[in-house]
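Following: one structure in structure tokens, then a few remarks.
In my numbering, the protein residues as written are 44 to 644.
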């Protein structure tokens, strides 16, 4: 591994200050809160984190945002409803009396934002299959329905069918745990009360039903659905200039939610603590902000609260599912790359910092290697870094995460699955990147980043699986080098020289891209489900439930239209470079975005 003096040095310094044990302790305590968006549990968790920050001498504040089910954040993401839950249970009454689960022992048994049952509800159970199509609920009016499809969509369909309650299970993952699901109703919507069961329990229920046995269940949800509040916890470590590096972690999800995402929240807090110590002796030109947010809701709302902030951000790093014992969770550590229509310098730098910080083992002839591989991947969504990759925001971004996780979104996502040394390494890597960008020599940091981008570009080019992607890679990685101009003290002419060198290494200027999209972006928020499909007729929205590639295609096409409007490559080329979707389906996706209001002709 080639030595990089500035970045490696700052990561090494952060690593000496990091405590994985301390971070793991924070994650353990955070996992005790039931942190559903719009709930008192999430606000209590943010208050807990604020107290920890203040104990470390760091300034922090909580910004209040609505949870009313009607406010459109950044023009296109509906705020969740306020919700409070204090109990729930599921029992089988026939063909034999059995207790299935209780909220006190199985915190994910009650589906997030479920309406209350108003006391115990007894109903005959029917097997509705996926439960995402009206035809799935034939004869189910007044009955409870066992379903396996996407809960937030099934809630709408089941409500129209007159279903009295939903019982949700999953067909994938570890079948012994109860899944975390959400209904996410808008104000005025009233889906049926909903609970979950493990795959093992679902198999037993389905077996009875398939043999013609009458199954009767008793469902009870003790909850309140209405207007609530949410919040953003913000900590700041100021620099000399009004330029900031941002770290973000979503603090929401149910008890326990340890890997997702008490882990990222704890790593962010540990990184903030490290940076607080470094700032006492380092000349920090760039300040550091750290946000703990309800996923997507909080990040988008923060931009509404400070619209000028993106222009003052040097970069944004998202920590989501980090520091687990990968032998238990079954995943791998990765850093997301950038979409080629929105390039930025950050992903290779973060990947290198992780390689420096992770515990190492001895290799051949005394060499050292990271105990865990760090995978630098192409762009993927699913968390708050998407907000910054959107050209409407346009901030260099990266995400550190681990995937898959056999306990993902279940009550098996326990703090026992975390690994303190890995958690401390992620915190040190995040703090090392932030401090190198803030206090490092700008020329040295830029040169090292350009080297990392050149190497990453070569790997991306070798792995490119489409002509569209190959055509965009040289220009995108050159633009990623030039995105370092967001750092104070960088030399634009020097960056231009390095960018041209990277572009030449990767094959020079791209060829002919083809025609533009003919569309314009109307809503500055990324088109995220379920809000996008809520704006479509049911028959069109169903396609996005049945084929998740369509949702990814819609996201990339809308964002690529913004890049095209700003002078970037044609949106169809950019979107096809990111999503493998048959040619004939792109037109339907574009028309769906028009129908939903995200694009105009």
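We put the beta carbon where it would ideally sit given N, CA and C, even for glycine.
Just confirm the distance between the C-beta atoms of residue i and residue j, as a whole number of angstroms; I'd bet it's less than 8 Å.
i	j	result
residue 653	residue 331	Beyond the ends of the chain as shown, which are 44 and 644, falls residue 653; an answer cannot be given.
residue 69	residue 275	The pair is not a contact, with the Cβ atoms about 18 Å apart (cut-off 8 Å).
residue 563	residue 643	5 Å
residue 378	residue 442	7 Å
residue 468	residue 401	5 Å
residue 391	residue 495	4 Å
DSSP state of residue i, grouped into three classes?
i	result
residue 182	coil
residue 367	strand
residue 632	helix
residue 80	coil
residue 114	coil
residue 156	coil
residue 587	helix
residue 498	helix
residue 187	strand
residue 443	strand
residue 219	coil
residue 622	coil
residue 643	strand
residue 433	coil
residue 55	helix
residue 489	helix
residue 90	helix
residue 262	strand
residue 50	helix
Start and end of the beta strand (DSSP E) containing residue i?
i	result
residue 419	417 to 420
residue 316	From DSSP, residue 316 is part of no beta strand (DSSP E) but of the alpha helix (DSSP H) over 306 to 322.
residue 124	It is not in any beta strand (DSSP E) - residue 124 carries neither H nor E in the DSSP assignment.
residue 543	Counting along the chain, residue 543 falls outside any beta strand (DSSP E), though it belongs to the alpha helix (DSSP H) covering 535 to 548.
residue 273	271 to 280
residue 167	164 to 170
residue 209	208 to 211
residue 145	141 to 145
residue 239	237 to 239
Check for me: the alpha helix (DSSP H) holding residue i runs from which residue to which?
i	result
residue 645	Since the first residue shown for the chain is 44 and the last is 644, residue 645 is missing from the structure and cannot be characterised.
residue 516	510 to 525
residue 469	463 to 482
residue 203	194 to 203
residue 347	340 to 348
residue 249	242 to 253
residue 399	389 to 400
residue 63	63 to 73
residue 378	Unbroken run through residue 378 is the beta strand (DSSP E), 375 to 379; no alpha helix (DSSP H).
residue 574	574 to 577
Let's test the definition: count the other Cβ atoms within 10 Å of the Cβ of residue i and tell me whether it reaches 16, buried, or not, exposed.
i	result
residue 361	buried
residue 86	buried
residue 635	buried
residue 663	Missing from the structure shown is residue 663; the chain here goes from 44 to 644 and no further.
residue 552	exposed
residue 186	buried
residue 298	buried
residue 440	buried
residue 129	exposed
residue 142	exposed
residue 459	exposed
residue 517	buried
residue 466	buried
residue 241	buried
residue 607	buried
residue 59	exposed
residue 582	exposed
residue 289	buried
residue 64	exposed
residue 214	exposed
Among all the DSSP beta bridges, which residues are the ones paired with residue i?
i	result
residue 104	277
residue 290	333 and 360
residue 302	Answer is none; residue 302 lacks a bridge partner.
Under 7 Å from any heavy atom of the ligand FMN, does the C-beta of residue i make it?
i	result
residue 391	Judged by which ligands are present, the structure shown has none, so any question about the ligand FMN falls away.
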